[in-house]
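Chemist: When we follow our numbering, the leftmost residue of the sequence shown carries the number 11, and every step to the right adds one.
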Amino acid sequence: MKLIDLHCHMLPGVDDGAKDQKMALKLARVAVEQGISHLLLTPHHMDSHYMNHKQDVIEKTAVFQSILESEKISLKVFPGQEVHLTGDLLDAVLEGDILFMDANNRYLLLEFPHNEVPEYAENMVFELTSRGITPVIAHPERNLGFQKDPDKLYDFVKMGCLTQLTSSSYMGVFGKKVQDLTDKIIKANLGFVFASDAHNFEGRRFMMREAFERLAEREGSDVAEQFNLNAKNILNGEDVNVDDIKLVSDVKKKRFFGLF
11 MKLIDLHCHM LPGVDDGAKD QKMALKLARV AVEQGISHLL LTPHHMDSHY
61 MNHKQDVIEK TAVFQSILES EKISLKVFPG QEVHLTGDLL DAVLEGDILF
111 MDANNRYLLL EFPHNEVPEY AENMVFELTS RGITPVIAHP ERNLGFQKDP
161 DKLYDFVKMG CLTQLTSSSY MGVFGKKVQD LTDKIIKANL GFVFASDAHN
211 FEGRRFMMRE AFERLAEREG SDVAEQFNLN AKNILNGEDV NVDDIKLVSD
261 VKKKRFFGLF
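Take a look at the structure:
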């Protein structure tokens with residue numbers, strides 16, 4: 011199965027991801043080894059540290075794609091942004107400085123502040139969805155607000171959001187608590203795609219192949235295939251089905267019995 015990665019900080023020298031071209035090319039080679047064929051470059055935008063304007067990312071992505079081709083690295087990259095949730099987001103959308111996850115301007119990779127789910131988030135999601143924009147919430151399993159009250163995620167999906175889970179979260183890189191929450195989000199049908207959020211070769215690694223293998227083993231190959239199909243549909247601006255979602259708190263832990 012060829013994988014699609016919708017969240018990656020590989021574009022060199024623009025944020026806290028790949029610091030230079032040499033590192034970016036190393037990441038690209040690892041991505042290919044992981045089975046990734048298509049990848050969305052998503053530098054941070056509008057957070058407290060980085061501004062990566064739409065046209066700049068488009069131009070830098072085109073340059074990087076040509077370098078990949080000259081290096082014979084078989085990876086197709088697309089320009090994107092990890093857009094931080096701020097009160098200025100709607101203005102940036104209206105001004106045309108936002109890169110969507112697809113050419114149809116339908117899906118938006120949206121990062122909530124790490125420490126909370128802001129009170130104004132629901133209003134902003136309403137404003138976006140009323141304009142035909144589907145927010146894809148980046149790594150909710152690592153957000154402290156969703157960790158404190160996971161059922162908030164159900165509310166946002168009911169409002170029209172999708173979610174992007176981090177492959178390394180599912181593999182336990184961020185600890186057992188985050189891994190368990192990722193498992194529950196998937197079992198509640200509130201998880202839609204895996205993405206790497208790869209920054210480097212340490213904590214922020216790809217681990218996409220490993221996550222899909224674990225997903226197929228625990229939830230079935232059909233679920234793993236659906237996750238990758240969802241990523242393809244987002245990249246193409248096509249529909250993603252949302253079926254039978256439930257509250258995270260309704261997910262029951264498996265109990266194991268045996269003789270000891």
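Ideal Cβ placement from N, Cα and C applies to all residues, glycine included.
Are the CB atoms of Ile147 and Gln174 nearer to each other than 9 Å?
Modeler: The sequence position of residue 147 within the sequence shown is 137, counting from 1. The sequence position of residue 174 within the sequence shown is 164, counting from 1. Contact: yes.
Chemist: Please go through the same chain and pick out, in chain order, the residues whose beta-carbon is closer than 8 Å to the beta-carbon of Leu269, but skip the five residues on each side of it.
Modeler: The count along the sequence shown starts at 1 and reaches residue 269 at position 259. Any reading at Leu269 needs caution, since the residue's pLDDT is 42, under 50, leaving its predicted position unreliable; the model's value is listed next. If we look at Leu269 and ignore the five residues flanking it on each side, it has no Cβ neighbours.
Chemist: What does the Cβ neighbour count give for Leu154, buried or exposed, with the cut at 16 atoms within 10 Å?
Modeler: The sequence position of residue 154 within the sequence shown is 144, counting from 1. Exposed, because fewer than 16 other Cβ atoms sit within 10 Å of the Cβ of Leu154.
Chemist: Give the DSSP bridge partners of Pro89, in chain order.
Modeler: Numbered from 1 along the sequence shown, position 79 holds the residue referred to as residue 89. DSSP, once it has assigned bridges, lists Leu51 as partnering Pro89.
Chemist: Quick one, are the C-beta atoms of Glu121 and Leu95 less than 9 Å apart?
Modeler: The residue labelled residue 121 in the question sits at position 111 within the sequence shown. The residue labelled residue 95 in the question sits at position 85 within the sequence shown. A distance below 9 Å separates the beta carbons of Glu121 and Leu95.
Chemist: Where does Ile147 fall in DSSP's three states?
Modeler: For this step, residue 147 is matched to residue 137 along the sequence shown. Reduced to three states, the DSSP call for Ile147 is strand.
Chemist: Can you tell me which of the three DSSP states Phe204 falls into?
Modeler: Numbered from 1 along the sequence shown, position 194 holds the residue referred to as residue 204. In the structure shown, the three-state DSSP call for Phe204 is strand.
Chemist: Given Phe266, which residues of its chain have a CB within under 6 Å of its CB, disregarding the five upstream and five downstream residues?
Modeler: On the sequence shown, position 256 is the one that residue 266 refers to. At Phe266 the pLDDT is 42, less than 50, meaning the model places this residue with poor confidence; the figure from the coordinates comes in the next sentence. Nothing listed; no residue qualifies.
Chemist: Among the residues of its own chain, which have a CB less than 6 Å from the CB of Tyr180, if the five just before and after it don't count?
Modeler: Stepping through the sequence shown from its first residue, residue 180 is reached at position 170. Once the five neighbours on either side are set aside, the close Cβ partners of Tyr180 are Thr192 and Ala221.
Chemist: Identify the continuous alpha helix (DSSP H) that holds Gln157 and give its terminal residues.
Modeler: Your numbering for residue 157 matches position 147 in the sequence shown. For Gln157, the uninterrupted alpha helix (DSSP H) run begins and ends at Leu154 to Lys158, by DSSP.
Chemist: Would you mind sorting Lys99 into buried or exposed? The rule is 16 or more other CB atoms within 10 Å of its CB.
Modeler: Sequence index remark: in the sequence shown, residue 99 carries index 89 (1-based). According to the sequence provided, residue 99 is Leu. The question's Lys does not apply to it. Under this definition Leu99 is a buried residue.
Chemist: When you compare each of Glu223, Gln236 and Leu118 to His55 by their alpha carbons, which one comes out closest?
Modeler: Mapped onto the sequence shown, residue 55 falls at position 45. Minimum Cα distance to His55 is reached at Leu118.
Chemist: With distances taken Cα to Cα, identify the nearest neighbour of Leu104 among Val250, Leu239, Gly142 and Leu21.
Modeler: Taking the first residue of the sequence shown as position 1, residue 104 is located at position 94. Measuring from the Cα of Leu104, the nearest candidate turns out to be Gly142.
Chemist: What is the DSSP secondary structure of Tyr180, reduced to helix, strand or coil?
Modeler: Here residue 180 is taken as the residue at index 170 of the sequence shown, counted from 1. Tyr180: helix per DSSP, three-state reduction.
Chemist: For Lys32, does the count of other Cβ atoms within 10 angstroms reach 16, so buried, or fall short, so exposed?
Modeler: The sequence position of residue 32 within the sequence shown is 22, counting from 1. The residue is exposed, with fewer than 16 neighbouring Cβ atoms inside 10 Å.
Chemist: Is it right to say Ser140 is buried, meaning 16 or more other beta carbons lie within 10 angstroms of its own, or is it exposed?
Modeler: Along the sequence shown, read from residue 1 onward, the residue named residue 140 stands at position 130. Ser140 should be labelled exposed.
Chemist: CB-CB under 6 Å to Met217, same chain, minus the five flanking residues each way: which ones, in chain order?
Modeler: The count along the sequence shown starts at 1 and reaches residue 217 at position 207. Closer than 6 Å at Cβ, skipping near neighbours: Ser177, Ser178 and Met181.
Chemist: So Asp15 is in the beta strand (DSSP E); what residue range does that whole segment cover?
Modeler: Here residue 15 corresponds to residue number 5 of the sequence shown, with the count starting at 1. From DSSP, the beta strand (DSSP E) with Asp15 extends over Leu13 to Cys18.
Chemist: Confirm, please, whether the CB-CB distance from Ala113 to Tyr164 is below 9 Å.
Modeler: The count along the sequence shown starts at 1 and reaches residue 164 at position 154. The count along the sequence shown starts at 1 and reaches residue 113 at position 103. Taking 9 Å as the Cβ cut-off, Tyr164 and Ala113 do not qualify as a contacting pair.
Chemist: Going by beta carbon distance, what residues of the same chain come within less than 6 Å of Ala102, once the five residues before and after it are set aside?
Modeler: As a working note, residue 102 is residue 92 in the sequence shown. Within the same chain, Ala102 has close Cβ partners Ile108.
Chemist: Applying the criterion that 16 or more other CB atoms from any shown protein chain within 10 Å of the CB defines a buried residue, is Asp249 buried or exposed?
Modeler: Numbered from 1 along the sequence shown, position 239 holds the residue referred to as residue 249. Answer is exposed; the Cβ neighbour count stays below 16.
Chemist: Tell me whether Lys12 is buried or exposed, calling it buried when 16 or more other Cβ atoms sit within 10 Å of its Cβ.
Modeler: To locate residue 12, count along the sequence shown from 1; it is residue 2. By the neighbour-count rule (16 or more Cβ atoms within 10 Å), Lys12 is not buried but exposed.
Chemist: Kindly list the residues whose CB is nearer than 7 Å to the CB of Val261, restricted to its own chain and excluding five residues on each side of it in sequence; keep chain order.
Modeler: Taking the sequence shown and counting its residues from 1, one reaches residue 261 at position 251. Here the set comprises Lys194, Lys197 and Ala198.
Chemist: Could you say which of Val24, Phe136, Glu126 and Gly27 lies nearest to Arg6 if we only look at CA atoms?
Modeler: There is simply no residue 6 to check, as the chain begins at 11 and stops at 270 in what is shown.
Chemist: Is any heavy atom of the ligand NAD found at a distance shorter than 8 Å from the C-beta of Ser179?
Modeler: Of ligands this structure carries none, so the ligand NAD is not represented either.
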